[in-house]
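Q: The following block contains the structure, expressed as structure tokens.
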Amino acid sequence: MSIRPLISLAAFVAAGALSAVVVIQTLDVPVGGATTRYSAEFVGVEGLRDGNDVTLAGVRVGKVADVRSTTDGPTSIAAVSFSVRSDVHLPGNITAAIRYGDMLGARYLALETPADPSGTLATDEVIPLSRTSPPVDLTALVNGFEPLFDAIDPNQINSLARSIVDAFSGRSSAIESLLVRVASMTRGLTDNEQILDELIANLGSVTSDLDSRSADITRLIDGLAELGDVAVRHGDQLVSALEDGSDSMRSLAELLTHAAAPLDAVVADSTATTDAWTANTEPFDRTMTLLPELARSINRIGDYGGWLNLYTCNFTLLAGSSEANIFGTTHSEICR
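Residue numbers (numbering that gives the first Met the number 0): 0 to 335.
Have a look at this one:
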């Protein structure tokens, strides 16, 4: 039996094992040399995992050893244990914060030396909540830029998001880039400054008017609410009224359809009447002025009963330049 296949298999297995070791060492770089253990308390450690890096002034000096939940009275907090190279001495008042490592959501523990360092942090000593900062809620932060994102190019969105991550990960140099990008993306607002000024002024005027009429608006809203309540309470009657109204409108439409020709004639006759009235306005005015006196005279004549006493006192015939009073002036006693 040949041993060549066994040698090939052994070589393949060894190469695979070596590759696995290389990959593991690449993904999980160990801390070289002796280490010292410390702890820190946080109100939240979303995304922080065992094995994440620990940095000091941006330099990797250790790894996160353990993340667990604990209690501080009635409050639940997160306790993070981490190890740091023993040759790195941490001041007693050092602060800790959880930062974003990349856009994929990886976190790391950043240690920051204060401006006035004092003492030395002892082994297993705990950094309290007063000196720690939880991770920034990047989702809520980016959502605040949603109106801006709707109006800009996707590449600009990606660039802006990277600047936001850098700025809130403790890289102060990225803030300038962030501001420049925001200024560039919002330059269009400056180009429409006059329109925005007019809009703001108009909104101010509207709000002032609304404020001055707040009592009227309150009464209007109360009235609408009362109207709504009445409509709800009398919904059946309202529906019935609308249905009856619909039938009435159909009947009216049919009536107007059949009466269109007579209505046209009435309108035409009314036009002729008003034209005649307009041309004889003064005589009509005099007639209307005398009508009340005529009505009073007729009432006096009718005082004797349901009849009228008429007397012919003058009956004159006129022919050309000649005229004759047939009955004379003494025909009736009342005319004498």
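Backbone N, C-alpha and C fix where the C-beta goes; we use that ideal spot for every residue, glycine too.
1. Report yes if the CB atom of I76 is closer than 7 Å to the CB atom of L120, and no otherwise.
2. Distance, Cα to Cα, G104 vs T70?
3. What are the uninterrupted segments assigned as alpha helix (DSSP H) that are 4 or more residues long and contained completely in the segment 15 to 86, given in chain order?
4. E242: buried (16+ other C-beta within 10 angstroms of its C-beta) or exposed?
5. Rounded to whole angstroms, what is the Cα-Cα separation between G222 and P153?
6. Taking the Cβ atom as the reference point for each residue, do A96 and I126 lie within a distance shorter than 7 Å?
7. Is it buried or exposed for D52, if we count other Cβ within 10 angstroms and need 16 for buried?
8. Pick from K62, P90, R67: whose alpha carbon is nearest that of Y107?
9. Using C-beta distances below 6 Å, list every residue in its chain close to S80, excluding the 5 sequence neighbours before and after it, in chain order.
10. Just the Cα atoms here: how many angstroms apart are A323 and C312?
11. Please identify the residue among F41, E225, D101 whose C-alpha is closest to the C-alpha of N157.
12. When DSSP labels each residue in this structure, what does E111 get in the three-state scheme?
13. Please report the straight-line C-alpha distance between T217 and E225, rounded to a whole angstrom.
14. Counting only the same chain and skipping the five closest in sequence on each side, list residues whose C-beta sits under 8 Å from that of A230.
15. Figure out for me which residue from I220, T74, A9, T286 has the closest Cα to the Cα of F41.
16. Report the rounded CA-to-CA distance for L255 versus A267, giving the unit in angstroms.
17. For A96, which beta-bridge partners are listed by DSSP?
18. According to DSSP, simplified to helix, strand and coil, what is T315?
19. With 7 Å as the threshold, decide whether the Cβ of N313 is near any Cβ in chain D.
20. Cβ of V83 within 7 Å of Cβ of V58?
21. Classify L110 as buried or exposed, calling it buried when 16 or more other Cβ atoms lie within 10 Å of its own Cβ.
22. Which partner residues does I297 have in the DSSP bridge list?
23. Under a Cβ-count criterion, where at least 16 other Cβ atoms within 10 Å of its own Cβ denotes burial, should L290 be classed as buried or exposed?
24. Quick check: the Cα distance between A258 and M248, rounded to an integer number of angstroms?
25. Am I right that D86 and G32 are in contact with their C-beta atoms under 8 Å? What's the rounded C-beta distance?
26. In angstroms, rounded to a whole number, what distance separates the CA positions of A78 and A56?
A: The relevant details are as follows:
1. Locating residue 76 in the sequence shown gives position 77, where the first residue counts as 1. Locating residue 120 in the sequence shown gives position 121, where the first residue counts as 1. The answer is no: Cβ separation not under 7 Å.
2. For the purposes of this step, residue 104 is taken as residue 105 along the sequence shown, with counting starting at 1. For the purposes of this step, residue 70 is taken as residue 71 along the sequence shown, with counting starting at 1. Rounded to the nearest angstrom, the two C-alpha atoms are 26 Å apart.
3. none
4. Taking the sequence shown and counting its residues from 1, the one referred to as residue 242 is at position 243. E242 is exposed by the Cβ-count criterion.
5. Numbered from 1 along the sequence shown, position 223 holds the residue referred to as residue 222. Numbered from 1 along the sequence shown, position 154 holds the residue referred to as residue 153. Approximately 49 Å between the Cα atoms of the pair.
6. Taking the sequence shown and counting its residues from 1, one reaches residue 96 at position 97. Taking the sequence shown and counting its residues from 1, one reaches residue 126 at position 127. In this structure, I126 does not lie closer than 7 Å to A96 by Cβ.
7. Locating residue 52 in the sequence shown gives position 53, where the first residue counts as 1. Buried, by the Cβ-count rule.
8. Within the sequence shown, numbered from 1, the residue matching residue 107 stands at position 108. The residue with the shortest Cα to Cα distance from Y107 is K62.
9. The residue labelled residue 80 in the question sits at position 81 within the sequence shown. Here the set comprises S38, A64, D65.
10. Mapped onto the sequence shown, residue 323 falls at position 324. Mapped onto the sequence shown, residue 312 falls at position 313. Going by the C-alpha atoms only, they are around 14 Å apart.
11. As a position in the sequence shown, residue 157 is number 158, starting the count at 1. Answer by Cα proximity: D101.
12. Against the sequence shown, residue 111 aligns to sequence position 112. Three-state result, E111: strand.
13. Your numbering for residue 217 matches position 218 in the sequence shown. Your numbering for residue 225 matches position 226 in the sequence shown. Those two C-alpha atoms are separated by around 12 Å.
14. Within the sequence shown, the letter at position 231 stands for residue 230. Excluding residues within five positions, the ones whose Cβ falls inside 8 Å are L237.
15. The residue labelled residue 41 in the question sits at position 42 within the sequence shown. Ranking I220, T74, A9, T286 by Cα distance to F41 puts T74 first.
16. Here residue 255 corresponds to residue number 256 of the sequence shown, with the count starting at 1. Here residue 267 corresponds to residue number 268 of the sequence shown, with the count starting at 1. Using only the alpha carbons, I get a separation of about 17 Å.
17. Locating residue 96 in the sequence shown gives position 97, where the first residue counts as 1. Paired residue(s): A109, S132.
18. Locating residue 315 in the sequence shown gives position 316, where the first residue counts as 1. If DSSP states are grouped into helix, strand and coil, T315 belongs with the strands.
19. Included in the structure is just one protein chain, with no chain D present.
20. By 1-based counting over the sequence shown, the position of residue 83 is 84. By 1-based counting over the sequence shown, the position of residue 58 is 59. The answer is no: Cβ separation not under 7 Å.
21. By 1-based counting over the sequence shown, the position of residue 110 is 111. So L110 counts as buried.
22. In the sequence shown, counting from the first residue as 1, residue 297 sits at position 298. None; I297 has no bridge partner.
23. As a working note, residue 290 is residue 291 in the sequence shown. Exposed, because fewer than 16 other Cβ atoms sit within 10 Å of the Cβ of L290.
24. By one-based count along the sequence shown, residue 258 stands at place 259. By one-based count along the sequence shown, residue 248 stands at place 249. So the two alpha carbons sit approximately 15 Å from each other.
25. As a first step, residue 86 must be located in the sequence shown, where it is residue number 87. As a first step, residue 32 must be located in the sequence shown, where it is residue number 33. Contact holds; Cβ gap of about 7 Å.
26. Translated into the one-based positions of the sequence shown, residue 78 becomes position 79. Translated into the one-based positions of the sequence shown, residue 56 becomes position 57. Going by the C-alpha atoms only, they are around 22 Å apart.
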